[in-house]
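Line by line, the protein sequences are chains A and B.
Everything in the first sequence is counted per our numbering, starting at 1056 for the first residue and increasing by one.
Everything in the second sequence is counted per our numbering, starting at 26 for the first residue and increasing by one.
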Amino acid sequence: MSAAGAVLLVAVVLIVLALVFYLVSVIFALRKITAGLDTTITAVTEIIAKSEPVNPIVADINANLDAAVDALEGLLVKKAGLPEAMGLVEGLYPGAKAEGLRNFPDSATVRSPRIGEVYTRGTLTLARLGREAPIAAASPNGPALRDARYGSSVSRTLYPTARPARSPIIGTDSPIQYEAEDADPSAV
Amino acid sequence: MTWVVALVTLLVVFPVVVFLLNNVLKEATAITGSIDRIAAAARAGSKDLDAAPLLLTTQQQVRDTVANVAAYGGSLDVIVDDA
């Protein structure tokens, strides 16, 4: 064998060795990739299985919440009227009126009063009576209109000894007829 | 002529082959790292979804709450006068 042939042979052998080394390394890398993909696929399958019931459950939750929102909005508008309802909404949540109510298209544009504070009917009743309501303290008409202790003592005089066990019986069968004797019996 | 072929093979073909194979191996190794990260993220995502069954409790609680709100609204509808 000539020297040139030997050099050629060495070059070919080196190329083959390089091919073997690198291709085997690539094979091992690909096997690691395959193992990693198997793990990934398993985890993704778990994700799919676990998230499968999420959609109908969330849809059901949203449906329930939608029904509640519709009912509450309807109740608010029914009881307060649309302008006052939107004034109330704006008073409680500034800026919320612009979004409007879902089932009332005019709610975003309706002219509503400015409601700064909200009092329940009971609070207003107490205020009118002048009893201990916080609103009465700042009433422009002055302090309490009635004396609670006086009112209580007066009502107590109706039954000075003890309250009757039952309410008075009224009607045609009642033991005591309160109707005047000369009343017209034909009158109802 | 044989010398030329031998030298070209040794000095040109062999380095080119090594260069190309080295790049292939480098890319394959890089993919391995990415796959490992993806697998870790998928496992973490799967673990995060372990709380998904709690949605059933949430669903029931929402139903109960809405039922209570409906009952409360019905009572208010009776108690409070309409506008």
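We put the beta carbon where it would ideally sit given N, CA and C, even for glycine.
On a predicted model such as this, the values are computed, not experimentally measured, just so you know.
Approximately 5 Å separates the beta-carbon atoms of Val87 (chain B) and Asn1119 (chain A); this is inside 8 Å, confirming the contact. DSSP lists A:Leu1156 as the bridge partner or partners of Phe1159 (chain A). Counting the other CB atoms within 10 Å of its CB gives Ala108 (chain B) a total below 16, which places it among the exposed residues. Between the alpha carbons of Leu1130 (chain A) and Asp102 (chain B) lies a distance of about 7 Å. When CB distances to chain B are screened at a threshold of 8 Å, the residues of the segment 1098-1117 of chain A falling below it are Ala1098, Val1099, Glu1101, Ile1102, Lys1105, Ser1106, Pro1108, Val1109, Ile1112, Val1113, Asp1115 and Ile1116, in chain order. Note that the segment 1127-1145 of chain A does not touch the segment 1094-1107 of chain A; fewer than 3 beta-carbon pairs, one per stretch, sit closer than 8 Å. Using a CB distance below 9 Å, the part of the segment 1056-1073 of chain A facing chain B consists of Ser1057, Ala1058, Ala1059, Gly1060, Ala1061, Val1062, Leu1063, Leu1064, Val1065, Ala1066, Val1067, Leu1069, Ile1070 and Ala1073, ordered along the chain.
Around the C-beta of Ala64 (chain B), 16 or more other C-beta atoms lie within 10 Å, and the residue is accordingly described as buried. For Gly1136 (chain A), at least one C-beta of chain B is nearer than 8 Å to its own C-beta. For the segment 54-78 of chain B, the set of residues with a beta-carbon nearer than 8 Å to any beta-carbon of chain A comprises Thr54, Ile56, Thr57, Ile60, Asp61, Ile63, Ala64, Ala67, Arg68, Gly70, Ser71, Leu74, Asp75 and Ala77, in chain order.
Under the Cβ criterion of 8 Å, Leu1120 (chain A) is counted among the residues facing chain B. For Tyr1148 (chain A), no alpha helix (DSSP H) run applies, since DSSP gives it neither H nor E. No Cβ of chain B is located within less than 8 Å of the beta carbon of Ile1170 (chain A). At the C-beta level, Ala1151 (chain A) and Ala1163 (chain A) stay beyond 8 Å of one another. Taking a beta-carbon distance threshold of 8 Å, Ala96 (chain B) does not count as an interface residue toward chain A.
Nearest C-alpha to Pro1160 (chain A) among A:Pro1149, A:Pro1138, A:Pro1168 and A:Ile1170: A:Pro1138. At least one beta carbon of chain A lies nearer than 8 Å to the beta carbon of Thr34 (chain B). Classified as buried, Tyr1077 (chain A) has 16 or more neighbouring CB atoms from the shown chains inside 10 Å of its CB. By the beta-carbon neighbour count (other beta carbons within 10 angstroms, threshold 16), Ala1114 (chain A) is exposed.
Chain-order list of chain B residues neighbouring Lys1087 (chain A): Thr57, by C-beta distance under 7 Å. Separation of Thr1089 (chain A) and Ser59 (chain B) (C-alpha to C-alpha, rounded to the nearest whole angstrom) is 12 Å.
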